[in-house]
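K.L.:
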């Protein structure tokens, strides 16, 4: 180490690396007290919904002019229930095919369960 450099004192270290003057973190945003199902609905758009579990719903909805049966997991963000990635949207053709097989599916569930 060169002789003209000296060690810094403890007080110099704390002031040079202190960061921002305000060390208090910003206050957390409080969530609204109402935790009921909050969903946005347009007056033109009607959405039918049935709960399967805490955050899982079956919904019949229109998307880009087509009707779908949507079985999806939802998550809560800022007091709003939003659709998650986990789920499936069945077209009317797929929904009708599933309905045709429901007796066979139920029979398999009873055999295996």
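In our numbering, the protein residues as written are 1 to 113. Glycine included, every Cβ here is placed at the ideal spot set by N, Cα and C.
1) Can you tell me whether DSSP reads residue 98 as helix, strand or coil?
2) The beta strand (DSSP E) with residue 70 in it runs from where to where?
3) Which value, in whole angstroms, describes the spacing of the CA atoms of residue 48 and residue 99?
4) From this set, 61, 112, 57, which residue's C-alpha is nearest residue 71's C-alpha?
5) To the nearest angstrom, report how far apart residue 102 and residue 89 are at their CA atoms.
6) For residue 165, which residues in the same chain have their Cβ closer than 7 Å to its Cβ, ignoring the five residues on either side in sequence?
7) Using the Cα positions of residue 105 and residue 80, report the straight-line distance between them to the nearest angstrom.
8) Exposed or buried, residue 37, counting other C-beta atoms within 10 Å across all chains shown (16 or more means buried)?
9) Could you compute how far the alpha carbon of residue 107 sits from the alpha carbon of residue 75?
P.N.:
Per the coordinate set shown:
1) Translated into the one-based positions of the chain shown, residue 98 becomes position 98. Note: residue 98 maps to helix in three-state DSSP.
2) On the chain shown, position 70 is the one that residue 70 refers to. Run containing residue 70: 66–77, per the beta strand (DSSP E) assignment.
3) In the chain shown, residue 48 corresponds to position 48, counting from 1. In the chain shown, residue 99 corresponds to position 99, counting from 1. The alpha-carbon atoms of residue 48 and residue 99 are separated by roughly 18 Å.
4) For the purposes of this step, residue 71 is taken as residue 71 along the chain shown, with counting starting at 1. Nearest of 61, 112, 57 to residue 71, Cα basis: 57.
5) Residue numbering aside, residue 102 sits at position 102 when the chain shown is read from its first letter. Residue numbering aside, residue 89 sits at position 89 when the chain shown is read from its first letter. Cα to Cα, the separation comes out at about 17 Å.
6) The structure shown does not extend to residue 165, since the chain spans only 1 to 113, so no value can be given for it.
7) For the purposes of this step, residue 105 is taken as the residue at position 105 of the chain shown. For the purposes of this step, residue 80 is taken as the residue at position 80 of the chain shown. C-alpha separation (whole angstroms): 34 Å.
8) Mapped onto the chain shown, residue 37 falls at position 37. Reliability of the predicted coordinates at residue 37 is poor, the pLDDT of 43 falling under 50, and the value obtained from them is presented with this limitation in mind. Under this definition residue 37 is an exposed residue.
9) Position 107 of the chain shown, counted from the first residue, corresponds to residue 107. Position 75 of the chain shown, counted from the first residue, corresponds to residue 75. Each residue's Cα considered, the two are about 33 Å apart.
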